[in-house]
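S.K.: Just dropping this structure here.
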Amino acid sequence: MSGPPKEPNQRTCARTCAMRIAAFLLWLPLAFGPLIKAGDPAHSRPLHEGSMLALDNWEARITPESLSIVAKLKAPENEKEVKEIVIAESPGRIFGVESLETAPNSARWKIPELGLTVELTAKKNRLQIRFQGTKELEFPWPVTGRDASLSALMYPDGEGLYIPLDDPFWKGIAKRDPCRNTHGGLSMPFWSYQWAGGSWTYLAVSDLQTTLCLSESGERLFAVATHDFRQRDGFPPYQIEIWPGGNSPVSPALEYRQWLVETGQYVTLDQKARANPEAANLLGAAHAYIFGDGRSLEFLRELARMGVDRMWLGYDENAGQGENFVGREYIGEAEKLGYLFGPYDTFDNAQDPGSADSQESVWGSNIYPTGCIVTERGEIQKGFAGRGCELSSEALALREPEEHNMENRIAQRARTGINSYFLDSDAFGDLYDDYSKAHPMTPALDRRNRLARMRIIAEKHRLVLGSEGGAAWSAPVIAFAHGTEAVSNGLLWALQRDKQKYGGWWPPTRPAIFFRPVNPSEDFRRARYDPSYRLPLYQAAFHGSVISTDRWETPLTKFPVLMQVRTLLEALYNVPSMWSLDLRELRENRQAFVSIYKFFSPIHRSAGNQPLADFEWLTPDRLVQRTRFGEEIELTANFGRAPFQSLPPMCIEARWLKSRRRQRYCPEPPRTISLAP
Numbered sequence: 005m006s007g008p009p010k011e012p013n014q015r016t017c018a019r020t021c022a023m024r025i026a027a028f029l030l031w032l033p034l035a036f037g038p039l040i041k042a043g044d045p046a047h048s049r050p051l052h053e054g055s056m057l058a059l060d061n062w063e064a065r066i067t068p069e070s071l072s073i074v075a076k077l078k079a080p081e082n083e084k085e086v087k088e089i090v091i092a093e094s095p096g097r098i099f100g101v102e103s104l105e106t107a108p109n110s111a112r113w114k115i116p117e118l119g120l121t122v123e124l125t126a127k128k129n130r131l132q133i134r135f136q137g138t139k140e141l142e143f144p145w146p147v148t149g150r151d152a153s154l155s156a157l158m159y160p161d162g163e164g165l166y167i168p169l170d171d172p173f174w175k176g177i178a179k180r181d182p183c184r185n186t187h188g189g190l191s192m193p194f195w196s197y198q199w200a201g202g203s204w205t206y207l208a209v210s211d212l213q214t215t216l217c218l219s220e221s222g223e224r225l226f227a228v229a230t231h232d233f234r235q236r237d238g239f240p241p242y243q244i245e246i247w248p249g250g251n252s253p254v255s256p257a258l259e260y261r262q263w264l265v266e267t268g269q270y271v272t273l274d275q276k277a278r279a280n281p282e283a284a285n286l287l288g289a290a291h292a293y294i295f296g297d298g299r300s301l302e303f304l305r306e307l308a309r310m311g312v313d314r315m316w317l318g319y320d321e322n323a324g325q326g327e328n329f330v331g332r333e334y335i336g337e338a339e340k341l342g343y344l345f346g347p348y349d350t351f352d353n354a355q356d357p358g359s360a361d362s363q364e365s366v367w368g369s370n371i372y373p374t375g376c377i378v379t380e381r382g383e384i385q386k387g388f389a390g391r392g393c394e395l396s397s398e399a400l401a402l403r404e405p406e407e408h409n410m411e412n413r414i415a416q417r418a419r420t421g422i423n424s425y426f427l428d429s430d431a432f433g434d435l436y437d438d439y440s441k442a443h444p445m446t447p448a449l450d451r452r453n454r455l456a457r458m459r460i461i462a463e464k465h466r467l468v469l470g471s472e473g474g475a476a477w478s479a480p481v482i483a484f485a486h487g488t489e490a491v492s493n494g495l496l497w498a499l500q501r502d503k504q505k506y507g508g509w510w511p512p513t514r515p516a517i518f519f520r521p522v523n524p525s526e527d528f529r530r531a532r533y534d535p536s537y538r539l540p541l542y543q544a545a546f547h548g549s550v551i552s553t554d555r556w557e558t559p560l561t562k563f564p565v566l567m568q569v570r571t572l573l574e575a576l577y578n579v580p581s582m583w584s585l586d587l588r589e590l591r592e593n594r595q596a597f598v599s600i601y602k603f604f605s606p607i608h609r610s611a612g613n614q615p616l617a618d619f620e621w622l623t624p625d626r627l628v629q630r631t632r633f634g635e636e637i638e639l640t641a642n643f644g645r646a647p648f649q650s651l652p653p654m655c656i657e658a659r660w661l662k663s664r665r666r667q668r669y670c671p672e673p674p675r676t677i678s679l680a681p
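So in our numbering, spot 37 of the sequence shown is number 41, and the numbers just go up one at a time.
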């Protein structure tokens with residue numbers, strides 16, 4: 005918190021987007037010579053007749069030379085008819101094929117010129133595709149979304165987006181910010197399409213070294229995944245699974261959750277609470293970062309007077325807070341009130357101790373600069389915004405048995421009596437190569453190191469652990485995630501760079517980046533908070549496992565014009581609001597804070613550990629929406645301008661399924677206040 009917020013998607017895109025798009029557009033002619041077109045006399049390879057693989061309720065016709073897959077299944081409008089949908093293509097090249105073997109539920113062949121062995125297996129209703137490489141290759145496959153029967157993309161950017169393929173607004177966004185890696189740029193490593201019969205989902209089982217880019221053809225969006233086969237990684241296989249799914253807009257995420265359960269990768273919040281009972285106190289808790297006199301006993305007493313009995317409170321340990329330092333007295337009082345509380349920390353940055361701009365970047369044992377990541381060019385990998393360096397997780401791991409750098413830091417904080425810990429960056433963002441001879445590292449090793457140290461905090465020290473973003477691979481370890489609720493962050497990074505408007509880190513006791521209200525652009529509002537484009541995909545997969553919020557530098561009060569719609573979205577998704585608080589902010593927003601808490605907290609205590617069971621649109625404009633959590637509660641939100649049945653505009657109604665009790669909440673409309681120009 006005492007350093008600038010991360011821009012993981014933008015940093016990733018800055019390095020990879022141009023490369024990935026070029027790989028798609030120019031890959032074939034640059035790498036293998038001119039494209040072979042239909043009717044080209046140079047093309048003398050006869051195509052194999054499509055091999056048919058039988059799956060539950062559908063068939064897949066495979067053309068090995070073109071790597072195309074056509075699905076055959078019953079037409080939704082007439083089950084006596086067969087519908088064919090092109091669900092995967094290559095960019096257009098015809099490949100030479102050797103050693104083709106087929107069976108009713110499998111196929112296998114080799115593509116010598118690419119050094120690939122291709123295996124397809126039909127397992128129930130899922131088609132599993134495995135590419136084994138033997139040489140370095142950027143491989144753009146599959147191209148998806150080009151079949152005319154597909155109408156919209158369901159896309160796990162943060163919480164999730166629903167993007168009609170012909171939508172002009174999203175075509176414009178895709179041109180500016182087209183690519184996401186599947187290990188963190190997307191919160192979950194899948195993407196899906198809607199069609200009349202339900203959905204088609206593509207799961208990147210091999211999420212490392214795989215990037216998904218959106219592009220446009222024929223005035224429609226489509227997507228291409230590119231996988232980078234690298235000797236440095238040991239040429240692990242590239243694996244994709246494809247399946248047809250249900251009709252709910254969140255069916256892909258519900259099916260992904262089931263895949264995680266089947267593969268032993270899902271841990272519920274109840275399981276986490278059995279290991280650490282304090283985790284149960286996340287249920288019903290609002291989340292806030294505290295500054296200035298928000299770190300005073302009077303602040304805690306004010307919360308208690310407001311009837312708030314569950315909170316998560318986070319803070320940095322910046323010396324600039326002066327007398328407002330979270331000490332044992334504050335911690336003891338917060339504990340009596342039943343709150344969760346803990347420091348912000350990060351292990352991803354190191355700086356010269358003599359000039360460091362944050363305490364979290366200061367390490368002992370000469371970590372800086374010897375523990376810095378080294379790039380392929382032999383240079384130190386600069387930290388975000390040029391601050392020090394990116395600290396190698398492998399350097400820390402190798403030195404830990406003797407130097408105990410991480411253990412000492414965690415233990416020092418734990419001794420103050422904290423019951424929670426927020427570790428920035430570890431669960432999200434870039435995973436690094438390190439070309440240092442002393443501590444070489446691949447992204448796979450970086451991820452293993454991060455998971456190991458997060459487990460130390462959560463399991464050894466029994467602290468309720470949260471991290472940034474909460475990418476799917478981190479979900480078994482963390483209990484909460486800050487930033488997952490955010491989507492389309494490219495517009496946020498651009499806005500934050502305007503310090504005059506958005507605010508910076510001064511004064512330390514009330515940083516403008518958290519407290520200065522901003523009036524964002526129409527594009528910002530539409531991309532990030534337009535309910536007709538939003539989908540609770542992350543909640544469909546991880547509600548009942550990870551409690552997620554919006555980003556810390558976008559607290560609920562940051563954009564007053566959006567406060568009402570954000571409150572409704574969070575209530576509908578059953579996730580906590582994020583606040584930045586001191587006494588002044590708490591008192592000025594007392595009415596809004598209390599009303600949100602009184603509606604959200606009882607519902608979340610009952611349903612926060614339950615799965616999101618369903619989501620549906622109740623009107624064609626997608627502005628009346630309903631969620632259901634387990635068998636506990638149903639929530640209906642009206643984002644429209646007209647009443648829906650008896651539900652007024654910009655209101656939400658909770659219906660308790662067992663008692664049939666109903667509760668309605670209408671957030672305050674936007675207030676007129678002085679905004680940054």
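Each residue gets a CB set at the ideal place from its N, CA and C atoms; glycine is no exception.
Tell me the rounded alpha-carbon separation between Leu-587 and Asn-322.
M.R.: Within the sequence shown, the letter at position 583 stands for residue 587. Within the sequence shown, the letter at position 318 stands for residue 322. For Leu-587 and Asn-322, the distance between alpha carbons rounds to 19 Å.
S.K.: Whole angstroms is fine: what's the gap from Leu-165's alpha carbon to Leu-207's?
M.R.: The residue given as residue 165 occupies position 161 in the sequence shown. The residue given as residue 207 occupies position 203 in the sequence shown. Their Cα atoms are separated by approximately 16 Å.
S.K.: Just checking my contact of Phe-295 with Ser-552 at CB under 8 Å: how many whole Å lie between their CB atoms?
M.R.: Within the sequence shown, the letter at position 291 stands for residue 295. Within the sequence shown, the letter at position 548 stands for residue 552. At roughly 22 Å, the Cβ-Cβ gap does not stay under 8 Å, so Phe-295 and Ser-552 are not in contact.
S.K.: Could you tell me the distance, in whole angstroms, from the CA atom of Ser-70 to the CA atom of Ile-460?
M.R.: In the sequence shown, counting from the first residue as 1, residue 70 sits at position 66. In the sequence shown, counting from the first residue as 1, residue 460 sits at position 456. A direct Cα-Cα distance of roughly 48 Å separates Ser-70 from Ile-460.
S.K.: Between Tyr-159 and chain C, is any beta-carbon pair separated by less than 8 Å?
M.R.: Structure shown: chain C not included; a single protein chain is present.
S.K.: To the nearest angstrom, report how far apart Arg-314 and Pro-168 are at their CA atoms.
M.R.: Sequence index remark: in the sequence shown, residue 314 carries index 310 (1-based). Sequence index remark: in the sequence shown, residue 168 carries index 164 (1-based). Arg-314 and Pro-168: Cα-Cα distance of roughly 40 Å.
S.K.: Cα-Cα, which of Arg-309, Phe-99, Leu-131 and Glu-638 is closest to Ala-58?
M.R.: Counted from its first residue, the sequence shown places residue 58 at position 54. Of the listed residues, the one whose Cα sits closest to Ala-58 is Leu-131.
S.K.: Pull up the CB-CB distance for Ser-471 and Leu-427, whole angstroms please, since I reckon it's below 8 Å.
M.R.: Along the sequence shown, read from residue 1 onward, the residue named residue 471 stands at position 467. Along the sequence shown, read from residue 1 onward, the residue named residue 427 stands at position 423. So it is a contact: roughly 5 Å between Cβ atoms.
S.K.: Who are the near neighbours of Ser-369 in its chain, counting only those whose CB is closer than 8 Å to its CB and skipping five residues on each side?
M.R.: Here the question's residue 369 lines up with position 365 in the sequence shown. Arg-403, Glu-407 and Asn-409.
S.K.: Could you tell me the alpha carbon to alpha carbon distance between His-465 and Asp-450, rounded to whole angstroms?
M.R.: Reading the sequence shown from its first residue, position 461 is the one you call residue 465. Reading the sequence shown from its first residue, position 446 is the one you call residue 450. Going by C-alpha positions, His-465 is about 22 Å away from Asp-450.
S.K.: Ala-354 to Arg-413, Cα distance in whole Å?
M.R.: Position 350 of the sequence shown holds residue 354. Position 409 of the sequence shown holds residue 413. Those two C-alpha atoms are separated by around 14 Å.
S.K.: Report buried or exposed for Ala-107, applying the criterion of at least 16 other Cβ atoms within 10 angstroms of its Cβ.
M.R.: Position 103 of the sequence shown, counting from 1, holds the residue named residue 107. When all chains shown are included, Ala-107 counts as exposed.
S.K.: From Gln-614, Glu-636, Gly-508 and Thr-631, pick the residue whose C-alpha is nearest to that of Glu-620; which is it?
M.R.: Sequence index remark: in the sequence shown, residue 620 carries index 616 (1-based). Ranking the options by Cα distance to Glu-620, first place goes to Thr-631.
S.K.: Tell me where the alpha helix (DSSP H) around Ala-544 begins and ends.
M.R.: Numbered from its first residue, the sequence shown carries residue 544 at position 540. Segment 541-546, the alpha helix (DSSP H) holding Ala-544.
S.K.: Output yes or no for whether 8 Å exceeds the beta carbon distance between Pro-480 and Gln-243.
M.R.: Sequence index remark: in the sequence shown, residue 480 carries index 476 (1-based). Sequence index remark: in the sequence shown, residue 243 carries index 239 (1-based). In terms of Cβ geometry, Pro-480 and Gln-243 do not form a close pair [threshold 8 Å].
S.K.: Looking at the secondary structure, which residues open and close the alpha helix (DSSP H) in which Pro-373 lies?
M.R.: As a position in the sequence shown, residue 373 is number 369, starting the count at 1. Per DSSP, Pro-373 is one residue of the alpha helix (DSSP H) stretching across 371-374.
S.K.: I need the boundaries of the alpha helix (DSSP H) containing Lys-175, first residue and last residue.
M.R.: Locating residue 175 in the sequence shown gives position 171, where the first residue counts as 1. Run containing Lys-175: 172-180, per the alpha helix (DSSP H) assignment.
S.K.: The beta strand (DSSP E) that contains His-291, what's its start and end?
M.R.: Here residue 291 corresponds to residue number 287 of the sequence shown, with the count starting at 1. Taken as a continuous stretch (DSSP letters only), the beta strand (DSSP E) holding His-291 covers 290-294.
S.K.: Can you tell me which of the three DSSP states Gln-500 falls into?
M.R.: Within the sequence shown, numbered from 1, the residue matching residue 500 stands at position 496. Helix, per DSSP.
S.K.: Considering only residues of the same chain and omitting the five flanking positions on each side of Arg-594, which have a CB-CB separation below 8 Å?
M.R.: The residue you call residue 594 lines up with position 590 of the sequence shown. Apart from sequence neighbours up to five positions away, the residues of its chain that approach Arg-594 with a beta-carbon distance below 8 Å are Met-310, ordered along the chain.
S.K.: Just the Cα atoms here: how many angstroms apart are Arg-65 and Ser-153?
M.R.: The residue given as residue 65 occupies position 61 in the sequence shown. The residue given as residue 153 occupies position 149 in the sequence shown. Distance between the alpha carbons of Arg-65 and Ser-153: 17 Å.
S.K.: Got a sec? Which residues, its chain only, sit under 7 Å from Ser-221 by beta carbon, not counting five neighbours each side?
M.R.: The count along the sequence shown starts at 1 and reaches residue 221 at position 217. Contacts found: Arg-150.
S.K.: Is it right to say Pro-347 is buried, meaning 16 or more other beta carbons lie within 10 angstroms of its own, or is it exposed?
M.R.: In the sequence shown, the residue the question calls residue 347 occupies position 343. Per the 10 Å Cβ criterion, buried.
S.K.: CB Asn-328 to CB Ser-300, shorter than 8 Å?
M.R.: Here residue 328 is taken as the residue at index 324 of the sequence shown, counted from 1. Here residue 300 is taken as the residue at index 296 of the sequence shown, counted from 1. Taking 8 Å as the Cβ cut-off, Asn-328 and Ser-300 qualify as a contacting pair.
S.K.: Assign Thr-267 to one of two classes, buried (16 or more other C-beta atoms within 10 Å of its C-beta) or exposed (fewer than that).
M.R.: Position 263 of the sequence shown holds residue 267. With fewer than 16 Cβ atoms within 10 Å of its Cβ, Thr-267 is classed as exposed.
S.K.: With a threshold of 8 Å on Cβ separation, who are the neighbours of Gly-336 within its own chain once the five nearest residues in sequence on each side are excluded?
M.R.: For this step, residue 336 is matched to residue 332 along the sequence shown. Gly-421.
S.K.: Could you check the C-alpha separation between Pro-673 and Phe-99 for me, to the nearest Å?
M.R.: The residue labelled residue 673 in the question sits at position 669 within the sequence shown. The residue labelled residue 99 in the question sits at position 95 within the sequence shown. Just so you know, the alpha carbons of Pro-673 and Phe-99 end up roughly 60 Å apart.
S.K.: Within a Cβ cutoff of 6 Å, which residues of the same chain sit near Pro-241, ignoring the five residues on either side of it in sequence?
M.R.: The residue labelled residue 241 in the question sits at position 237 within the sequence shown. For Pro-241, where only same-chain residues beyond five positions count, the Cβ hits under 6 Å are Arg-134 and Gln-136.
S.K.: Let me know if Pro-4 comes out buried or exposed under the rule of 16 or more other beta-carbons within 10 Å of its beta-carbon.
M.R.: Residue coverage of the chain in this structure runs from 5 to 681, which leaves residue 4 outside it and unanswerable.
S.K.: Leaving out five residues on either side along the sequence, give the residues of the same chain with a beta carbon under 6 Å from the beta carbon of Pro-515.
M.R.: The residue labelled residue 515 in the question sits at position 511 within the sequence shown. Excluding positions up to five away in sequence, the list reads Trp-509.
S.K.: Rounded to the nearest angstrom, what separates Glu-140 and Thr-67 at their Cα positions?
M.R.: As a working note, residue 140 is residue 136 in the sequence shown. As a working note, residue 67 is residue 63 in the sequence shown. Cα-Cα distance, rounded: 24 Å.
S.K.: My understanding is that Val-271 touches Ser-549, with C-beta atoms under 8 Å, so please give their C-beta distance in whole angstroms.
M.R.: By 1-based counting over the sequence shown, the position of residue 271 is 267. By 1-based counting over the sequence shown, the position of residue 549 is 545. Sure, about 6 Å apart at Cβ, within 8 Å.
S.K.: Assess, as a yes-or-no matter, whether the stretch 634-647 is touched by the stretch 608-615 under the definition of 3 or more beta carbon pairs within less than 8 Å.
M.R.: Taking a cut-off of 8 Å on C-beta distances, the stretch 608-615 touches the stretch 634-647, as three or more cross pairs fall below it.
S.K.: Indicate the three-state DSSP secondary structure (helix, strand or coil) for His-608 in the structure shown.
M.R.: Position 604 of the sequence shown, counting from 1, holds the residue named residue 608. The answer is helix: DSSP assigns His-608 an H, G or I state.
S.K.: Report the rounded CA-to-CA distance for Asp-211 versus Tyr-425, giving the unit in angstroms.
M.R.: By 1-based counting over the sequence shown, the position of residue 211 is 207. By 1-based counting over the sequence shown, the position of residue 425 is 421. One C-alpha to the other measures close to 27 Å.
S.K.: Give me the Cα-Cα distance between Arg-457 and Asp-352, rounded to the nearest whole angstrom.
M.R.: Within the sequence shown, residue 457 is the residue found at index 453, counting from 1. Within the sequence shown, residue 352 is the residue found at index 348, counting from 1. One C-alpha to the other measures close to 12 Å.
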